[in-house]
Amino acid sequence: SPEGFIPFRGSRPIFDAVPPCEPPYGCAALNIAQAYEASSNQYFGQMAVGLGRERIRETAGALGIQAVETPKDAVLSGFYEDIWNTSNKRIANALAPQQSTIVTGKNISAYDIALEGMGQGYAGQMTPFQMALVVSAPANMEGKLMKPRIELNQPPQMYSQVLSPQQAVAVREIMALVTEGSGGTATRVFGNVRSLGIRVGGKTGTAEKQAPVYDKDGKLKTVKKKRKDKDGKIIEYDAPVMFERTDSWFVCTAPIENPQVAIAVVVEGGGYGAKTAAPIAANVILKARELGLLGEQYKPKSQTPTAPPRRRRGR
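This note's numbering runs 6 ahead of the 1-based position in the sequence shown.
Below you can see the structure in the form of structure tokens.
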């Protein structure tokens with residue numbers, strides 16, 4: 007809503023990077039466009055809780071994401087050949103990607119749902135292929151998710167109707183704030199692209215991965231740590247060794263008035279989305295322009311080659 011979302015009392019806090027989602031800013035001061043531009047964790051966490059797991063499950067299905075009951079189900083997800091538009095089932099089977107998942111079962115908490123709303127937690131089983139499909143839905147002028155194809159003469163085939171045409175336009179305009187808004191998380195990165203008149207709609211992402219480490223025999227690795235017990239006595243205990251990594255993400259479409267490309271970039275261990283993945287995406291768009299993939303009006307003007315300057319002979 008235009009008024010934004012206010013964290014409910016007693017809720018476990020979800021912190022934003024910058025600006026902080028607390029006074030004098032506050033989540034209530036942000037509408038959805040401002041929250042998207044600033045990449046507000048609080049806003050979208052509360053939005054997910056407000057929408058509820060059933061609506062999240064329905065939307066995930068429309069985007070080709072499998073909604074599962076438990077984290078174990080997510081790990082055991084298979085390949086997804088039905089996402090492809092091919093003339094032959096064998097081609098689809100050969101190209102089948104790992105299916106992306108989101109956990110929406112009744113046993114996960116509201117806090118888990120909030121984490122999923124901001125792209126963390128049990129929403130972390132996403133592939134770059136899947137995220138390119140997600141961004142392709144608002145990039146479609148009719149709001150449709152089209153099945154990807156690699157055969158040149160294969161007729162287009164719709165997977166699902168995700169948005170109305172009007173909603174698709176609205177989403178693209180909100181996405182553009184990330185690359186051209188005064189507070190956009192990738193505004194500085196896309197300066198060169200904007201200077202060419204190309205409007206890009208995008209989203210930065212920072213995926214935090216944490217998992218226990220096992221040895222070659224399948225045994226959990228541990229490390230000795232100390233803490234105080236309930237009586238204040240220092241005790242020693244075995245804590246699991248954890249693997250931690252922050253992946254850099256960026257998804258985008260361009261040009262937003264008539265999108266021609268949908269791009270997803272992930273850099274494992276790359277840090278914040280605007281730091282590593284966004285510059286790569288900007289360069290991909292510049293290359294697409296160079297190749298004429300963004301439309302005739304964006305093609306570089308041909309330059310007449312000039313002869314190299316003649317060298318003077320030494321005396």
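Note that CB positions come from ideal geometry on N, CA and C, so glycine has one too. Just so it is clear, the structure is predicted and the values come from calculations on it, not from any experiment.
Rounding to the nearest angstrom, what Cα-Cα distance links L57 and V272 in this structure?
Residue 57 sits at position 51 when you count from the first residue of the sequence shown. Residue 272 sits at position 266 when you count from the first residue of the sequence shown. In this model, L57 and V272 are separated by some 28 Å (Cα to Cα).
Am I right that I291 and A260 are in contact with their C-beta atoms under 8 Å? What's the rounded C-beta distance?
Against the sequence shown, residue 291 aligns to sequence position 285. Against the sequence shown, residue 260 aligns to sequence position 254. Contact flag correct, Cβ pair sits at about 5 Å.
Is it the case that the Cβ atoms of S115 and M132 are separated by a distance below 8 Å?
The residue given as residue 115 occupies position 109 in the sequence shown. The residue given as residue 132 occupies position 126 in the sequence shown. In this structure, S115 sits away from M132, with a CB-CB distance that is not shorter than 8 Å.
Just checking, does the region 65-80 make contact with the region 164-175 on the three C-beta pairs under 8 Å criterion?
Flag = yes, the region 65-80 and the region 164-175 touch.
The beta strand (DSSP E) with F362 in it runs from where to where?
The first residue shown for the chain is 7 and the last is 321, placing residue 362 beyond what the model contains.
Taking G208 as the reference, give the member of N37, I38, L36, E43 with the closest Cα.
On the sequence shown, position 202 is the one that residue 208 refers to. When each option's Cα is compared against that of G208, the closest is E43.
Here's a check: name, in chain order, each residue in its chain whose Cβ is nearer than 6 Å to the Cβ of K150, leaving out the five neighbours to either side.
Your numbering for residue 150 matches position 144 in the sequence shown. Excluding the 5 residues flanking it on each side, K150 has same chain C-beta neighbours closer than 6 Å at M164, Q167, in chain order.
Alpha carbon to alpha carbon, how far is Q173 from C33? Give it in angstroms, no decimals.
On the sequence shown, residue 33 is found 27 positions in, with the first residue counted as 1. On the sequence shown, residue 173 is found 167 positions in, with the first residue counted as 1. The predicted model places C33 with a pLDDT of 47, which falls under 50 and marks its position as unreliable, so this point remains unresolved.
Nearest to V74 by alpha carbon, out of T191, T110, R155?
As a working mapping, residue 74 is identified with position 68 in the sequence shown. Checked all of T191, T110, R155; the closest Cα to V74 is T110.
What is the rounded straight-line gap between the Cα of G211 and the Cα of Y243?
By one-based count along the sequence shown, residue 211 stands at place 205. By one-based count along the sequence shown, residue 243 stands at place 237. Whole-angstrom Cα-Cα distance: 35 Å.
Three-state secondary structure assigned by DSSP to P306:
Stepping through the sequence shown from its first residue, residue 306 is reached at position 300. Of the three classes helix, strand and coil, the one that applies to P306 here is coil, per DSSP.
Within the same chain, show all residues whose beta-carbon is closer than 8 Å to that of R178, passing over the 5 residues directly before and after it, in chain order.
Position 172 of the sequence shown holds residue 178. Excluding the 5 residues flanking it on each side, R178 has same chain C-beta neighbours closer than 8 Å at P144, A145, G207, T259, I262, P265, in chain order.
Residues in its own chain within less than 7 Å of L183 by CB, not counting five upstream and five downstream?
As a first step, residue 183 is located in the sequence shown; it is residue number 177 there, counting from the start. A39, Y42, E43, G190, listed in sequence order.
Spatial neighbours of G130 within its chain, please: C-beta separation below 8 Å, excluding the five flanking residues on both sides.
Residue 130 sits at position 124 when you count from the first residue of the sequence shown. Within the same chain, Cβ atoms closer than 8 Å to the Cβ of G130 are found at A213, K215, the five residues on either side in sequence being excluded.
Compare the C-alpha of F256 against each of L300, G277, P306 and name the closest.
Here residue 256 refers to the residue found at position 250 of the sequence shown. Nearest option by C-alpha distance: G277.
If you count every other CB in all the chains shown that lies within 10 Å of the CB of Q303, and 16 or more means buried, which is it?
The residue you call residue 303 lines up with position 297 of the sequence shown. Exposed, because fewer than 16 other Cβ atoms sit within 10 Å of the Cβ of Q303.
Taking the Cβ atom as the reference point for each residue, do K307 and G298 lie within a distance shorter than 8 Å?
As a position in the sequence shown, residue 307 is number 301, starting the count at 1. As a position in the sequence shown, residue 298 is number 292, starting the count at 1. Contact check for K307 against G298 fails: the beta carbons are separated by 8 Å or more.
Are A98 and W90 closer than 8 Å when you measure CB to CB?
Locating residue 98 in the sequence shown gives position 92, counting from the first residue. Locating residue 90 in the sequence shown gives position 84, counting from the first residue. Yes, the pair counts as a contact, with Cβ atoms nearer than the cut-off.
Residue range of the beta strand (DSSP E) that G211 falls in?
The sequence position of residue 211 within the sequence shown is 205, counting from 1. Element bounds for G211: 207-218.
Nearest neighbour of R295, chosen from D235, K225, S201, K236 [CA to CA]
Residue mapping note: residue 295 aligns to position 289 of the sequence shown, counting from 1. Its Cα nearest to that of R295, the residue S201 stands out among D235, K225, S201, K236.
Backbone CA spacing between M181 and G84 [nearest angstrom]
As a first step, residue 181 must be located in the sequence shown, where it is residue number 175. As a first step, residue 84 must be located in the sequence shown, where it is residue number 78. Near 31 Å, if we compare the C-alpha coordinates of G84 and M181.
Going along the chain, which residues of its own chain have a beta-carbon closer than 8 Å to the beta-carbon of I240, five neighbours each way excluded?
Within the sequence shown, residue 240 is the residue found at index 234, counting from 1. Within the same chain, I240 has close Cβ partners K232, R233, K234.
If distances are taken between C-alpha atoms only, which option among K236, L300, V175, V199 comes closest to I286?
Taking the first residue of the sequence shown as 1, we reach residue 286 at position 280. Of the listed residues, the one whose Cα sits closest to I286 is V199.
To the nearest whole angstrom, what separates the beta carbons of A270 and V141, a pair I think is in contact under 8 Å?
Locating residue 270 in the sequence shown gives position 264, counting from the first residue. Locating residue 141 in the sequence shown gives position 135, counting from the first residue. The beta-carbon distance between A270 and V141, rounded to whole angstroms, is 7 Å. This is short enough to meet the 8 Å contact definition.
By a C-beta neighbour count over all protein chains shown, 10 Å radius and 16 as the cutoff for buried, is C27 buried or exposed?
Numbered from 1 along the sequence shown, position 21 holds the residue referred to as residue 27. Annotation note: pLDDT 49 at C27 (below 50); position unreliable, no value reported.
In terms of alpha-carbon separation, which member of G275, G238, K230 lies closest to F249?
For the purposes of this step, residue 249 is taken as the residue at position 243 of the sequence shown. Nearest C-alpha to F249: G275.
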